[in-house]
Amino acid sequence: MSAAPLARVVRHRRGLIGGVAVALMLLTGVLAPLIAPHGYSNQSLLQRLQPPSAAHWLGTDGFGRDVLSRVIWGSRVSLQIGFLATALALVVGTALGSAAGYFGGAADTVIMRAADAFMSIPALFLILVVVALFGASLLNTALVISLVTWAQVARVVRAECLSLRGREFVDAALALGAGHARILGRHLLLNALPVIIVQATLLLGQTILIESALSYLGLGAQPPLPSWGNMVVEGRQFLASAWWIAACPGLAIFLTVLGFNLFGDGLRDALDPALRGSS
Amino acid sequence: MDVDAGLRGYVLRRVGFALLMLVAVSLILFTLMRLAPGGPEAVLIGGEFSPAVAAQIRERLGLDRPLPLQYLTWAAAALRGDLGRSFKTGDPVAALILDRIGPTLQLTGGALVLALVAAIPLGVLAAVRRGTVWDTLGSAIALFGVSFPSFWLGIMLILLFSEVFRLLPPSGLSEYGREADPVSRLRHAILPTLTLGSIQMAAFMRFTRSSLLEALRQDYVRTARAKGLASGAVVWRHALRNALIPVVTVVGLALPTLVGGAVLTETVFAWPGIGRLAVGAVFERDYPVIMGVNMIVAAVVITANLMTDVAYCFIDPRISYR
Amino acid sequence: MIHTLVVTVLVVLSVLGAAAPGFAAGRDLVLGLSGDATSLNPVIATDSMSYIVEWPLFDSLLELDASLTVRPLLAESWEVSKDGLSYTFKLKKGVKWHDGKPFTARDVAFTFYSVLDPKVTTPHRAYFDALVGFPELTAKDNPKRPEELAVRPIEVVDDHTVRFRLRYPSGSFLAVLVNPRAGIVPEHLLKGVDLNTAEFNRKPVGTGPFKFVEWRRGERLVMEANEQYHGGRPALNRLIFRIIPDAVVLLQELKAGGVDFIENPPLTEVARLKQTAGLKVLVADNTSYTYVGWRQDLAPFNDLRVRRALNHAVDTPSIVREVLQGYAAISTGQFPPASWAFDPGVKPYAYDPNRAKALLAEAGFKPGPDGVLVKDGKRFSFSIRHDQANQSVKDTAVIVQEYFKRVGVEATLESLDWPTFVKKLFASDFEGIVVGWTNHHDPDPFAYTIWHSSQWKGRNFAHYKNPRVDELLEQARRTAVVAERKRAYAEFSRVLMEDAPYVFLYFQQQVYVTRQGYEGFVPIPTYAGLYQSLKAVRWTGK
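Chains as they are written, first to last, in my numbering: chain C, 115 to 393; chain P, -14 to 307; chain D, 188 to 729.
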């Protein structure tokens, strides 16, 4: 990608804010061991449920652990799962969806039937069963989330390719002797990129939300490892008396997902071919 | 016209595949379910668990027979319309589903309507008045909505409206003894529908906006404008129809939630819907209920996908089916 | 004009109608349950929710008082033969089933023969081990029918007299004839019917203080006062059990007025609830205890020093104080402090991390590079499995993990859903576990099945074996003399504590919150014991 779109993102205010937020979250995740004031599992039963103070900026939780440190460490887990699952879903979904939309025929049928199958089985059920079978590790969680989200990417990409396929520039390219791969890669996918990017950012947010939902139902990252999801669940019983335990990770989820969405918006606007000038 | 014959063939082929799909899904579900360790006896016996009694229960429920035989027995009965009886309660699965699907449809249907009614106008407004205050406001609302964890939103709403302000009830379908009371039903439905609908609305709105923006930039729109067509006509007749493709996709994607149940919302609000039924059944290894609910959901989704695909044909005349 | 009048009247009526439930609010009791019952037949239903709702519907022969002594209920009086092998009960006269038919001794005989019948799936069978003919009646292959026995264990002497014959004197026999595990069911409705699948299980008929009205699965269970109850009509009109699986939502419903009574609220809220006007908090001791266990036959747990070290590593009083807000008693073994079998002379291991480290060093462990102890090249690391749905067990596991870490022992938590967990437990497929025993108010039923070495395929899935313990448990089981049983159990508790097979943690109390104005609850110190007093609860309107 050339530098020009990036420059455009910087000019686009919303995208900039989102980008900064995303970068901050990523940095937090990467530098967690260095910036967290305490460990994520240091308990101190005498200091349970303390409100935010100078010693503990976001207070302590039910076991006396520092909430701020756990939110920082939690970003690692949530982001790891989020990125991995999104990447998997995107790669598989885009590849299969564009193939289906472009080539049509048998490829279309087989791929779309597979996507239908995955979307027909209620996602939560699939996740629950897989987690019960194989255990709730980070990798499993990411895998199973991508299993239930790739199909929606495929469907959307396919729809885009279907409508793009009928356009003049495709016929023109074919007439000029361009191969299928080139048309797919250069023309279709690039034109479908805005849609894919919107999908990606939605997905990133979605996977973080799905992970927290899993934790809500009792699965997902295992204690004492903090993920924002299981922190909200742990904090729920204290909502009336120690609201910060659930509110802070909930806020973290919200801000992160917001950041991704803002950034995605900015990126999409920057990559819009109309803004790129004549092609 | 040639399109009709092609369309007919396409639909027929799809229907055939749909049926095959149902069989495949049932096999996948069945296998996955049985692979998970433990069985219904754990929940049925509870704290007095003893392996001898557990074995007795498994025998009585037919769980000691070979797996293929169990599957065929279930499938044969299902084809006759008999989805079996719940291991836990002994009630017919079909009756259980019918009982619980009403509340779920009420919740998800209401949320979907709320979402669409709010999203499409907002999305159109934001796209058409791009860059203005409307766009920023609408986009901000949508952005926020999409970023909330649904269960968190639900919890916060309950905290606010039920505990702090004491305006609305925190859970359930209605007060006890007032099932037929529409006012009670409405009051209880507000928070859950709002929770579920807000998030869907946000997603729809963003999609409407982005795809409408796409459509508005197309050549044919510029052509139409150049030809002097009024702006409104351009938007409605040309751009919106094309913009609706992804929106129809997204609505289609929302359909599994429609029937499969918004599990999290149902859990937070103790809503007696089908999503909670299915999840509970997984934790209790209530195999007939798991199979029954998931097969019904699968059937609905497969049908819905078929219908949205057919809908594409009418919305976008350029999509052809070779 | 008439139009307007009619409309006005209708509007007023509908408003009043809408308000009507408020009028009866004081005389119904709406209870919040965190789960649904599986069935309403006391012979086969054994999960905790079924126990709760069966109590008001069915009577047992005897009931408990606040000190866990038995007293008459359906049985007016009883005589025990000198050799302790024969119990003759005289039943109350004039007791009627909810459908109006008379209650007789035949119903008692039918109930317990059903429990013994191998075709009926019920774990309650084991409680009646002392009955004559037990092995023959419950044999897996070719079980005998009661008519085929020379001496029958249950004999209907006349309409109101029933006799039980035992094959050894049992001190726990009377204690076993108490709800929730021993409700009497009607012969005239269940004879010849398959109890496992009977329609009766959904529409029960008992002799209890409340009659069944309706059961909407997963939603609510409704019962109304039994006007003909032999103990006098209960003061409440209806009991409405609402099923709300989420503890937080349950509490909200209580505050919002949707339910009048809940059990086990989040303990951190209890202090605030005590101060809330209009609500009051009731506390009952319990026989259930939570523990950290492990496979006794697995290294390194087969080393006594290691087990004792792990005991010293956990600061149980701190857990009880800080996490359970004091609503628990420290456990020193199998028996709660309220039990007559409890020996105050048995002391728990003191919290002493230094001693723990010393013992582990003695056992051959040395600190490894990452702080985790190592012996013979193997790190002291093991998995602790627990039920993911039980909040206090989960919290306990996290805390215990931290205490172990501080002495160099690494425990990884594995949170499993209940069916998976139970399967692995009884297959002895685990290293460490955190779990609880529901227990019984009589010491024998659980003590024997958990600690006797013959029970490795049952509750003794931890594979504990101690010949002296086996002897003591058998002694205590086969006598009805309380002093002898007490002696045996006292020594049993001492030996158990010395062996340190578990880290015995705590007996958590049952906490209930109800609306001010409901009086008459009696907190009987056994599981769900409070529900026995529902028939005496009344609304005073204050």
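Virtual Cβ for every residue (Gly too), placed ideally from N, Cα, C.
Item to check | Run of the alpha helix (DSSP H) containing P/I105, from where it starts to where it stops | outcome: 78 to 113
Checklist entry - Should D/P452 be counted as a contact of the ligand MG given a C-beta to heavy atom distance under 7 Å? => result Of the ligands one can find in the structure shown there are none, so the ligand MG has no counterpart to examine.
Checklist entry - Within 10 angstroms of its Cβ, does D/Q703 collect 16 or more other Cβ (buried), or is it exposed? => result exposed
Item to check | Neighbour-count burial assignment, C/D379, 16 or more Cβ in a 10 Å radius | outcome: buried
Checklist entry - Can a CB atom of chain P be found closer than 8 Å to the CB of C/G364? => result yes
Item to check | Cross-strand partners of P/R65 (DSSP beta bridge) | outcome: The partner list for P/R65 (beta bridge, DSSP) is empty, contrary to what the question assumes.
Checklist entry - What does a CB cutoff of less than 8 Å around C/L140 pick up in its chain, not counting 5 residues either side in sequence? => result L193
Item to check | Proximal residues to C/F377 (C-beta, below 7 Å), its chain only, five neighbours per side dropped | outcome: G129, G132, G133, V136, T315
Checklist entry - Smallest Cα separation from D/H628: which of D/F694, D/S640, D/Y651? => result D/F694
Item to check | For D/D447 and D/V435, the rounded distance between their alpha carbons | outcome: 15 Å
Checklist entry - By DSSP, does P/V295 sit in helix, in strand, or in coil? => result helix
Next on the checklist: If you follow the alpha helix (DSSP H) that D/E456 is in, where does it begin and where does it stop?
Outcome noted: 454 to 461
Item to check | Neighbouring residues, chain C, relative to P/S132 (Cβ below 7 Å) | outcome: G319, F368, V371, L372, N375
Checklist entry - What residues in the segment 347 to 359 of chain C have a beta carbon less than 8 Å from any beta carbon of chain E? => result Structure shown: chain E not included; protein chains present are C, P and D.
Checklist entry - Which partner residues does D/F602 have in the DSSP bridge list? => result The question names Phe, but residue 602 of chain D is Ser in the sequence shown. DSSP lists D/H573 as partners of D/S602.
Checklist entry - What are the start and end residues of the beta strand (DSSP E) that includes D/D215? => result 215 to 220
Checklist entry - Taking Cβ-Cβ distances shorter than 9 Å, what residues in chain P pair up with D/G445? => result P154, P155, S156, G157, E160, Y161
Item to check | Those runs of the alpha helix (DSSP H) which lie wholly inside the segment 243 to 306 of chain D and span at least 4 residues | outcome: 292 to 303
Checklist entry - Does the Cβ of D/P340 have 16 or more other Cβ atoms within 10 Å, making it buried, or fewer, making it exposed? => result buried
Checklist entry - Nearest to C/V185 by alpha carbon, out of C/V206, C/P147, C/A265, C/A273? => result C/P147
Next on the checklist: Among D/Q415, D/L692, D/L426, D/Y355, whose alpha-carbon lies nearest the alpha-carbon of D/W402?
Outcome noted: D/L426
Checklist entry - Going by the CB atoms, is the gap between D/A464 and P/S147 shorter than 8 Å? => result no
Item to check | Counted within 10 angstroms of its Cβ, other Cβ atoms place D/E334 as buried (16 or more) or exposed | outcome: exposed
Checklist entry - CA-CA distance, C/V270 and C/L307? => result 11 Å
Item to check | Cross-chain neighbours of D/K467 in chain P, by beta carbon under 7 Å | outcome: Residues of chain P passing the Cβ test: none, with the nearest at roughly 20 Å.
Checklist entry - So the beta strand (DSSP E) D/G480 belongs to, where does it begin and stop? => result 476 to 481
Checklist entry - Going along chain D in order, which residues have a C-beta closer than 8 Å to the C-beta of P/L83? => result None at all; the shortest Cβ gap to chain D is about 13 Å.
Checklist entry - I think C/V262 touches C/A237, with their Cβ atoms under 8 Å apart; what is that distance to the nearest whole Å? => result 4 Å
Checklist entry - Of all Cβ atoms in chain P, is any one closer than 8 Å to the Cβ of D/V609? => result yes
Checklist entry - Using the C-alpha atoms, what's the distance from C/T208 back to C/I310? => result 8 Å
Checklist entry - So what's D/K467 in DSSP terms, helix, strand or just coil? => result strand
Checklist entry - Nearest to D/N424 by alpha carbon, out of D/F297, D/A412, D/Y416, D/L260? => result D/A412
Item to check | Limits of the unbroken beta strand (DSSP E) element including D/D345 | outcome: 341 to 345
Item to check | Backbone secondary structure at D/A212 - three-state DSSP | outcome: Summary for D/A212: the model assigns pLDDT 42, below 50, so the residue's position carries little reliability; its value from the coordinates is reported in the next sentence. Coil.
Next on the checklist: Below 9 Å on C-beta distance, what does D/V510 contact in chain C?
Outcome noted: L159, R162, G176, F177
Checklist entry - To the nearest angstrom, how far is it from the Cα of D/H311 to the Cα of P/S35? => result 10 Å
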